[in-house]
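A.B. asks: One structure, as structure tokens, below. Some questions next.
Number of protein chains: 2
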Amino acid sequence: MKKDADKSKIMGVPEPSVRRMPKYLILLRSMRDKGLVNISAPQIAQHLNMDPTQVVKDLSYTGARGRPKIGYAVEELINLLEDFLGYNKKYEAFLVGAGSLGSALLRYQGFTQTGLKVVAAFDTDKNIIGTEIAGVKVFDIEKFRDLASRLHITIGIITTPAHAAQNVTDLMVCWGIKAIWNFAPVSLKVPSHIIVQDTQMYSNLAVIMNSLKQYEDKQNI
Amino acid sequence: MKKDADKSKIMGVPEPSVRRMPKYLILLRSMRDKGLVNISAPQIAQHLNMDPTQVVKDLSYTGARGRPKIGYAVEELINLLEDFLGYNKKYEAFLVGAGSLGSALLRYQGFTQTGLKVVAAFDTDKNIIGTEIAGVKVFDIEKFRDLASRLHITIGIITTPAHAAQNVTDLMVCWGIKAIWNFAPVSLKVPSHIIVQDTQMYSNLAVIMNSLKQYEDKQNI
DNA sequence: CAGTGTGAAGTTGTTCACAGCA
DNA sequence: TGCTGTGAACAACTTCACACTG
Numbered sequence: 001m002k003k004d005a006d007k008s009k010i011m012g013v014p015e016p017s018v019r020r021m022p023k024y025l026i027l028l029r030s031m032r033d034k035g036l037v038n039i040s041a042p043q044i045a046q047h048l049n050m051d052p053t054q055v056v057k058d059l060s061y062t063g064a065r066g067r068p069k070i071g072y073a074v075e076e077l078i079n080l081l082e083d084f085l086g087y088n089k090k091y092e093a094f095l096v097g098a099g100s101l102g103s104a105l106l107r108y109q110g111f112t113q114t115g116l117k118v119v120a121a122f123d124t125d126k127n128i129i130g131t132e133i134a135g136v137k138v139f140d141i142e143k144f145r146d147l148a149s150r151l152h153i154t155i156g157i158i159t160t161p162a163h164a165a166q167n168v169t170d171l172m173v174c175w176g177i178k179a180i181w182n183f184a185p186v187s188l189k190v191p192s193h194i195i196v197q198d199t200q201m202y203s204n205l206a207v208i209m210n211s212l213k214q215y216e217d218k219q220n221i
Numbered sequence: 001m002k003k004d005a006d007k008s009k010i011m012g013v014p015e016p017s018v019r020r021m022p023k024y025l026i027l028l029r030s031m032r033d034k035g036l037v038n039i040s041a042p043q044i045a046q047h048l049n050m051d052p053t054q055v056v057k058d059l060s061y062t063g064a065r066g067r068p069k070i071g072y073a074v075e076e077l078i079n080l081l082e083d084f085l086g087y088n089k090k091y092e093a094f095l096v097g098a099g100s101l102g103s104a105l106l107r108y109q110g111f112t113q114t115g116l117k118v119v120a121a122f123d124t125d126k127n128i129i130g131t132e133i134a135g136v137k138v139f140d141i142e143k144f145r146d147l148a149s150r151l152h153i154t155i156g157i158i159t160t161p162a163h164a165a166q167n168v169t170d171l172m173v174c175w176g177i178k179a180i181w182n183f184a185p186v187s188l189k190v191p192s193h194i195i196v197q198d199t200q201m202y203s204n205l206a207v208i209m210n211s212l213k214q215y216e217d218k219q220n221i
């Protein structure tokens, strides 16, 4: 028996590939809006300024099949990507930490098109509790320790300061949340079945400023 | 000829390492505030939930030297990290695209502590032009095509929709900007001396939702 | 023959193993 | 003995090379 019997299902998709998928999707939607019916991997690669082979490999993970000389059917590819990314499913989320970062996220409504909906926000600050940010009410987190399990919320968003993040995480785990999107600059300890993704806002900035410094240092030699 | 002649100076620091630096810095500052004088790599690793060897390797890139059995001097390490990341230098930035994402970023003032200061924002939307977001004035981008070269702005932040991003990039390059922090879901084409960092807001979400979907699929088998 | 699909080679980053040190 | 520091093994991802196909 071949060991790669059904690769697409058994082997996990490399995370870097998953991270590139939204980019393809956004491009393809705009191409569809321009009336394009077929698109080849090299074309996609040129628009996105990346390697054509990588595009082929990435797209193959969605189950897409292209035709030599013609490429992929745009509409079909969009559907496969949306399905792969789970954009067709609706997920509800709680956000904890409605300070500057948290409220910025709430105000940025770009995520609604991905099927994510923040249904409530929580904080400990009496000045914020009771207010409404971008249509989302802010509650006192102390009063809602057993709320989420009843509501079946799948995603928790953490936008608290670093020191509070682990406590909030533990609470979310109790709530029965399945995935955590963490903006706090710490690595969270969670049971293995919980999905965690860290968004380190400072990381990109760090790379930029470190590169700038190196560039300037080189000038001074 | 060997290609690894003088590792420490010629070889760049691995980008993943640079991306982890802000995390160390934030932890160390909080440790210092608690009065801690020395800290070992295993201790740091435990707090951050990561591999101790990796901590040692990462810290070595900043020039830090630790002492066996004692660890690193917290204060010294903080200085080395701040220096490495360029947080001691002040960089001024322009932000283009003052829509929901752009204004969210402006309102989130967490970056000021990194030495980054957004001095002006730009847009094409007549309704936004002339307003002020978190103390930053929004100008009509059409009227400022030759402004930045005179002001020596080093960093450009792009928070426009995907289709506008490349035009804005070209403009920024003309302005003499040295680094671009791109939030638009496209890969920008730039001359090789320009530093570009992409922050794909959707990527983390993509990983989460794809993982959730896989998890659910598994349940259904 | 331009473009897909895929195994192989190459590159980069992580983890291991151990020497050296206080 | 606990920790640093580093070269070497390992794993993950990317790029290459090429067979295949309409």
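If you read the sequences in order, they're chains A and B. Just so you know, we're using our numbering here: the first sequence kicks off at 1 and counts up by one. Just so you know, we're using our numbering here: the second sequence kicks off at 1 and counts up by one. No residue lacks a Cβ here, since even glycine has one placed at the ideal position from N, Cα and C. This one's a predicted model, so the numbers in the text were calculated from it and none came from an experiment.
(1) For Y61/A, report the span of its beta strand (DSSP E) as first-last.
(2) In the DSSP assignment, the alpha helix (DSSP H) including E76/B goes from what residue to what residue?
(3) What residues from the stretch 29-50 of chain A come within 9 Å of chain B, judged by C-beta to C-beta, listed N to C?
(4) Going by other Cβ atoms of all chains shown within 10 Å of its Cβ, with 16 needed for buried, is K34/A buried or exposed?
(5) Helix or strand or just coil, what does DSSP make of A93/B?
(6) What residues in its chain sit with their C-beta under 6 Å from that of K7/A, if we drop five residues either side in the sequence?
(7) Show which residues of chain A have a CB atom less than 8 Å away from the CB atom of S211/B.
(8) Suppose the cutoff is 7 Å on Cβ atoms and the five residues either side in sequence are ignored; what does the same chain contact list for Y202/A look like?
(9) How would you write the range of the alpha helix (DSSP H) that I155/A sits in, first residue to last?
(10) Run through chain A and tell me which residues come within less than 9 Å of G110/B, C-beta to C-beta.
(11) Let me know if S211/B comes out buried or exposed under the rule of 16 or more other beta-carbons within 10 Å of its beta-carbon.
(12) Shorter than 8 Å from the beta carbon of Q208/B to some beta carbon of chain A?
(13) By the criterion of Cβ-Cβ separation under 9 Å, what are the contact partners of M172/B in chain A?
(14) Report the residues of the stretch 121-140 of chain A with a CB closer than 7 Å to any CB of chain B, ordered along the chain.
(15) For the stretch 151-164 of chain A, enumerate the residues whose C-beta is nearer than 9 Å to any C-beta of chain B, in chain order.
(16) What separation, rounded to the nearest whole angstrom, lies between the Cα atoms of M1/B and Y91/A?
(17) How close, in whole Å, do the beta carbons of P22/A and L80/A come, if the pair is a contact with beta carbons under 8 Å?
(18) Mapping DSSP to helix, strand and coil, what is L116/B?
(19) Distance check for D198/B and N182/B, CA to CA, integer angstroms please.
(20) The alpha helix (DSSP H) with I180/A in it runs from where to where?
(21) Can you tell me which of the three DSSP states Q197/A falls into?
(22) If you count every other CB in all the chains shown that lies within 10 Å of the CB of I208/A, and 16 or more means buried, which is it?
(23) If I follow the unbroken beta strand (DSSP E) through E136/A, where does it start and stop?
(24) Which residues in the same chain have their Cβ closer than 8 Å to the Cβ of L101/A, if we skip the five residues on either side of it in sequence?
(25) Check whether chain B comes within 8 Å of A104/A, counting only Cβ atoms and requiring the distance to be less than that.
(26) Tell me where the alpha helix (DSSP H) around H163/A begins and ends.
(27) So what does DSSP say about R145/B, is it helix, strand or coil?
(28) So with Cβ pairs under 8 Å, would you call V186/B a contact of chain A?
(29) Three or more C-beta pairs under 8 Å: does that hold for the stretch 164-173 of chain A against the stretch 156-175 of chain B?
(30) Is the CB-CB distance between A121/A and L151/A below 8 Å?
(31) Just the chain A side, please: which residues come within less than 7 Å of E15/B by C-beta, in chain order?
(32) With DSSP collapsed to three states, give me the class of A206/A.
(33) Determine, using beta carbons only, whether S103/B and N49/A come nearer to each other than 8 Å.
(34) For chain A, check one thing: does any of its Cβ atoms lie closer than 8 Å to the Cβ of T114/B?
(35) Measuring alpha carbon to alpha carbon, tell me which residue in V196/B, V138/B, D146/B and E132/B is nearest I155/B.
(36) May I have the straight-line CA-CA distance separating A64/B from R145/B, to the nearest angstrom?
C.D. replies: In this structure, then:
(1) Looking up residue 61/A in the first sequence gives position 61. For Y61/A, there is no enclosing beta strand (DSSP E); the residue is part of the alpha helix (DSSP H) that begins and ends at P52 to Y61.
(2) Numbered from its first residue, the second sequence carries residue 76/B at position 76. Segment V74 to L85, the alpha helix (DSSP H) holding E76/B.
(3) Listed by position along the chain: S30, H47, L48, N49 and M50.
(4) Here the question's residue 34/A lines up with position 34 in the first sequence. Burial call: exposed.
(5) Taking the first residue of the second sequence as 1, we reach residue 93/B at position 93. Judged by DSSP in its simplified three-state form, A93/B adopts strand.
(6) Position 7 of the first sequence, counted from the first residue, corresponds to residue 7/A. Low confidence applies here, because K7/A scores a pLDDT of 38, under 50, leaving its location unreliable and the question unanswered by this model.
(7) The sequence position of residue 211/B within the second sequence is 211, counting from 1. Identification of chain A residues near S211/B by a Cβ-Cβ cut-off of 8 Å yields A179 and I195, ordered along the chain.
(8) Walking along the first sequence from the start, residue 202/A turns up at place 202. The residues P185, in chain order, have a CB closer than 7 Å to that of Y202/A in the same chain once the five nearest residues on each side in sequence are set aside.
(9) The count along the first sequence starts at 1 and reaches residue 155/A at position 155. No alpha helix (DSSP H) contains I155/A, which is instead part of the beta strand (DSSP E) from I155 to I158.
(10) To locate residue 110/B, count along the second sequence from 1; it is residue 110. Residues of chain A passing the Cβ test: S100, L101, M201 and Y202.
(11) As a working mapping, residue 211/B is identified with position 211 in the second sequence. So S211/B counts as buried.
(12) In the second sequence, the residue the question calls residue 208/B occupies position 208. The sequence as given places Ile at residue 208/B; Gln does not occur at that position. Using beta-carbon distances, I208/B counts as an interface residue toward chain A, with a partner under 8 Å.
(13) Indexing the second sequence from 1 puts residue 172/B at position 172. Those do not exist, as M172/B stays about 13 Å from chain A at its closest Cβ, beyond 9 Å.
(14) Cβ contacts with chain B come from no residue of the stretch 121-140 of chain A.
(15) Answer in chain order: T154, I155, A162 and H163.
(16) To locate residue 1/B, count along the second sequence from 1; it is residue 1. To locate residue 91/A, count along the first sequence from 1; it is residue 91. Residue placement at M1/B is poorly supported in this model, since its pLDDT is 34, which falls under 50; the coordinates are not used for a value here.
(17) Along the first sequence, read from residue 1 onward, the residue named residue 22/A stands at position 22. Along the first sequence, read from residue 1 onward, the residue named residue 80/A stands at position 80. The distance from the Cβ of P22/A to that of L80/A is about 13 Å, inconsistent with a contact at the 8 Å cut-off.
(18) Working through the second sequence from its first residue, we reach residue 116/B at position 116. Strand at L116/B.
(19) The count along the second sequence starts at 1 and reaches residue 182/B at position 182. The count along the second sequence starts at 1 and reaches residue 198/B at position 198. Looking at the two C-alpha atoms, the distance is approximately 5 Å.
(20) Position 180 of the first sequence holds residue 180/A. From DSSP, I180/A is part of no alpha helix (DSSP H) but of the beta strand (DSSP E) over A179 to N182.
(21) Your numbering for residue 197/A matches position 197 in the first sequence. In the structure shown, Q197/A adopts extended strand secondary structure according to DSSP, grouped into three states.
(22) As a position in the first sequence, residue 208/A is number 208, starting the count at 1. That one is buried.
(23) Counting from 1 along the first sequence, the entry for residue 136/A is found at position 136. In the sequence on display, residue 136/A carries Val and not Glu. Its beta strand (DSSP E) spans residues V136 to D140.
(24) Residue numbering aside, residue 101/A sits at position 101 when the first sequence is read from its first letter. If you ignore the 5 residues before and after L101/A, its C-beta comes within less than 8 Å of the C-beta of T159, F183 and M201, all in its own chain and listed in chain order.
(25) Indexing the first sequence from 1 puts residue 104/A at position 104. Yes, A104/A lies at the interface with chain B (some Cβ there is under 8 Å from its Cβ).
(26) Counted from its first residue, the first sequence places residue 163/A at position 163. Run containing H163/A: A162 to W175, per the alpha helix (DSSP H) assignment.
(27) To locate residue 145/B, count along the second sequence from 1; it is residue 145. Looking at R145/B - three-state DSSP - the assignment turns out to be coil, as it is neither helix nor strand.
(28) The count along the second sequence starts at 1 and reaches residue 186/B at position 186. Any Cβ of chain A closer than 8 Å to the Cβ of V186/B would place that residue at the interface, and such an atom is present.
(29) Not touching, per the Cβ criterion.
(30) Taking the first residue of the first sequence as position 1, residue 121/A is located at position 121. Taking the first residue of the first sequence as position 1, residue 151/A is located at position 151. In terms of Cβ geometry, A121/A and L151/A do not form a close pair [threshold 8 Å].
(31) The residue you call residue 15/B lines up with position 15 of the second sequence. In chain order: V207.
(32) For the purposes of this step, residue 206/A is taken as residue 206 along the first sequence, with counting starting at 1. Three-state DSSP puts A206/A in a helix.
(33) Along the second sequence, read from residue 1 onward, the residue named residue 103/B stands at position 103. Along the first sequence, read from residue 1 onward, the residue named residue 49/A stands at position 49. A distance of 8 Å or more separates the beta carbons of S103/B and N49/A.
(34) Start at 1 with the first residue of the second sequence, and residue 114/B comes out as number 114. Yes, its Cβ sits closer than 8 Å to a Cβ of chain A.
(35) Against the second sequence, residue 155/B aligns to sequence position 155. Per the Cα distances, V196/B.
(36) Residue 64/B sits at position 64 when you count from the first residue of the second sequence. Residue 145/B sits at position 145 when you count from the first residue of the second sequence. Between A64/B and R145/B, the C-alpha separation is close to 44 Å.
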